[in-house]
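The block underneath contains the structure these notes are about, expressed in structure tokens.
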Amino acid sequence: MSSGETPPADEPSTGPQIGVSAALLLVDLMLVAGSVYCVGTAGWAGSYESGGSAASGASRTAAQAMWLLGGGAVLTGGGLLALGWRIPGIVQLVVLGVGAVLVSAMGAG
């Protein structure tokens with residue numbers, strides 16, 4: 002398909018896909034930042050508790066955030082890919098997947 006042709010009727014054009022990707026990217030980044038903040042706060046608050054429960058509180062919060070981000074990546078990214086929206090689907094999978102790995106690494110350390 003050359004640059005002057007219109008996409009077939011069953012495929013969305015690139016412009017709306019990029020717009021949806023940008024909007025979802027903002028939401029994804031806020032969700033990842035909130036998860037990182039929650040895990041960091043749990044680790045910080047747990048450091049003031051007596052005993053060895055500091056690591057378990059932060060790791061439990063990190064596990065919950067990892068499942069939230071990973072599940073969101075699979076559901077939203079996979080759903081968008083199934084609908085034929087390749088650009089936003091890939092953006093969702095990459096951003097939320099990397100966020101899940103980041104949060105998981107925070108909980109392990």
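Letter 1 of the sequence shown, counting from 1, is numbered 2 in our numbering, and no numbers are missing.
Each residue gets a CB set at the ideal place from its N, CA and C atoms; glycine is no exception.
Small disclaimer: the values here were computed from a predicted structure and weren't measured.
| query | result |
| --- | --- |
| Own chain partners of Leu82 with C-beta closer than 7 Å, once the 5 adjacent residues on each side are dropped | Gly90 |
| 7 Å Cβ shell around Thr77 - same chain, five flanking residues per side excluded | Gln93 |
| Residue of Leu27, Tyr38 and Leu26 minimising C-alpha distance to Met107 | Tyr38 |
| Identity of the residue in Ile88, Ser57 and Pro13 nearest Ala24 by Cα | Ile88 |
| Local conformation of Trp45 per DSSP, three classes | helix |
| Endpoints, alpha helix (DSSP H) assigned at Val96 | Arg87 to Ala109 |
| Expected contact under 8 Å - CB spacing of Val40 and Ala66 to nearest Å | 6 Å |
| Cα-Cα separation between Trp68 and Gly20, rounded to whole angstroms | 27 Å |
| Residue from Gly16, Gly85 and Gly71 with nearest C-alpha to Val95 | Gly71 |
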